[in-house]
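This report concerns only the one structure given below.
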Ligand code: NAP
């Protein structure tokens, strides 16, 4: 479709803005609502029902009833698999609608929605659907006369709280394994981008998912999110978002029922460019994409570029030239656009303040800083040269801002890379296999790429070391993390 087609389609788009509880759309009990704003125009897209603690109570009660009468977990694995696969099919049939909703909601380029987010959403649901009947327990070797089995069982009512940077995808990374394992779920999406998740819940029921198994409450984090995290009937809370809020959630779990808390949090990922790397052009392209895709609003964004001093000048020149070719800001509804606005005005203000702070602390800004001549919440791609102790190298900016830090030796590069409270991802560019192997072992990160960046598929566990989190999304391990083992001991002789 062309830019004009998308603009026309946006005019007639129906936006559902209510909560979804017990298999149907409902208004918030308190009658409140909040504005959902299109960041590329500032227009109010919808007034979204604002769920509060009483709505969370209703959603958890619905999920608990579904758990207790076993309407989902008692289905044979193949039946659950069929529902999940029909759900994926419906998402695929509604791809244009969902892509448009999310582009309007958070400013992500429509091409990214169609080529990156939606295919990955489908892969995720179908992968975990396929896993359902592959989970096996064990019979252990015990004394004669006894039989001992280890059984995997779902947990119960799981809460999920998700961010706005990949609103649908981050939610599905939770929902698919939670549901595949046989649990019931209450999802609280981010207030900045709740519209696609609202549709996902209804499509699950349309696919044959029983009412009450997947409930959704939109609302504000400190109200609805906090109520979910404190709820005594929620057995596990699965969170993607900032490290700051992740720490709060661990506290809420301790104050309530000691629920399990799975955290996927922030990052400040280093990419290390060794002087012997194969192809500087290819490496620079991945450096540019690693920080400017999704306008830098990516948890594993390669925001620290550790570049060997011999490469520094050539690297910077190529980086600036390639950014100008690859990342021109534009209307996110234009399929040619690769750089959209940031997700909200407060976030734009924060990122601009971070850029000003970089300048104030003496980093050299070699690219960026100019205003973008568009009405939305744009921030231009920005590159600093600085050192690793600067705030711009230590704190997550979550925007299109990279800091290049020169180094001289492998040991120095590793020390710089690990000098961070975060440990989500890292990359090494070198043609020396021994060096690559050594560095993979030395880097404190949950994901390490060698001669690439951001690659992966559903077989790759994704999650962080240190304050980047304590859990993993994707991979069959994620499914198992929404189950618990039961040890069944039979006296048979
Ligand atoms: P955020 O501010 O932490 O918000 C995430 C979610 O938590 C939102 O739904 C938010 O609700 C909710 N929340 C806020 N305060 C809360 C509270 N007191 N109690 C319960 N819930 C609360 O993060 P964000 O700005 O949406 O997302 C960006 C962050 O996510 C970055 O740090 C990024 O690195 C991280 N992230 C990590 C991964 C990963 O896999 N490790 C992936 C993507 C993003 P409201 O928004 O409605 O207030």
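Numbering (our numbering), first residue to last: 3 to 495. Note that the Cβ used here is the ideal one computed from N, Cα and C, for glycine as well.
Only residues of its own chain outside the window of five on either side were considered, and among them 19, 35, 36, 37, 38 have a CB closer than 8 Å to the CB of residue 49, listed in chain order. Of 200, 194, 193, the smallest CA-CA separation from residue 177 is found for 200. Below 8 Å, enough C-beta pairs join the segment 256-266 and the segment 226-237 to call them touching: three or more. Under DSSP, residue 343 shares a beta bridge with no residue. Within its own chain, the residues whose Cβ lies closer than 8 Å to the Cβ of residue 420, once the five positions on either side in sequence are excluded, are 444, 445, 446, listed in chain order.
Put simply, the backbone Cα of residue 292 is about 19 Å away from that of residue 169. Judged by DSSP secondary structure, residue 156 falls within the beta strand (DSSP E) whose first and last residues are 148-156. For the options 124, 283, 149, the alpha carbon positioned closest to that of residue 453 is the one of 283.
In this structure, the ligand NAP has a non-hydrogen atom nearer than 8 Å to the beta-carbon of residue 241.
For residue 475, the three-state secondary structure derived from DSSP is strand. For residue 311, there is no enclosing alpha helix (DSSP H), as DSSP marks it with neither H nor E. As the crow flies, the alpha-carbon of residue 248 is around 7 Å from that of residue 267. Distances taken from the Cβ of residue 117 to the heavy atoms of the ligand NAP include none shorter than 8 Å.
Rounded to the nearest angstrom, the gap between the Cα atoms of residue 80 and residue 135 is 7 Å.
Here the alpha carbon of residue 404 sits roughly 8 Å from the alpha carbon of residue 394. Annotated three-state conformation of residue 82 is helix, per DSSP. Here residue 179 carries a helix assignment [DSSP, helix/strand/coil]. Under DSSP, residue 306 forms a beta bridge with 272, 405. Taking 8 Å as the cut-off, one finds at least one heavy atom of the ligand NAP near enough to the beta carbon of residue 163. Residue 193 carries a coil assignment under DSSP once its states are collapsed to helix, strand and coil. In this structure residue 46 is exposed. Its beta-carbon is surrounded by fewer than 16 other beta-carbon atoms within 10 angstroms.
Annotation for residue 194 indicates a beta carbon within 8 Å of some heavy atom of the ligand NAP. The alpha-carbon separation between residue 271 and residue 417 amounts to approximately 13 Å. Listed in chain order, the non-local C-beta contacts of residue 245 below 7 Å within the same chain comprise 267, 268, 469, local neighbours out to five positions each way being set aside. Residue side-chain check: residue 423 keeps its Cβ at 8 Å or more from all non-hydrogen atoms of the ligand NAP.
With three or more CB-CB distances shorter than 8 Å, the segment 203-223 counts as touching the segment 61-69.
Remark: C-beta atoms of residue 130 and residue 172 do not approach each other more closely than 9 Å. Checking the DSSP bridge columns, you'll see residue 37 partnered with 49. No Cβ-Cβ contact shorter than 9 Å links residue 62 with residue 207.
Look at residue 356: its beta carbon is at least 8 Å from all of the heavy atoms in the ligand NAP. Less than 9 Å divides the Cβ of residue 115 from the Cβ of residue 102. By the Cβ neighbour-count rule, residue 491 is exposed, with fewer than 16 other Cβ atoms within 10 Å of its own. Here the alpha carbon of residue 379 sits roughly 5 Å from the alpha carbon of residue 343. Placement of the Cβ of residue 262 at a distance of 8 Å or more from every heavy atom of the ligand NAP is found.
Judged by beta-carbon spacing, residue 407 lies beyond the 9 Å limit of residue 279, meaning their Cβ atoms are not closer than that value. According to the DSSP assignment, residue 253 belongs to no beta strand (DSSP E) but to the alpha helix (DSSP H) extending over 245-257.
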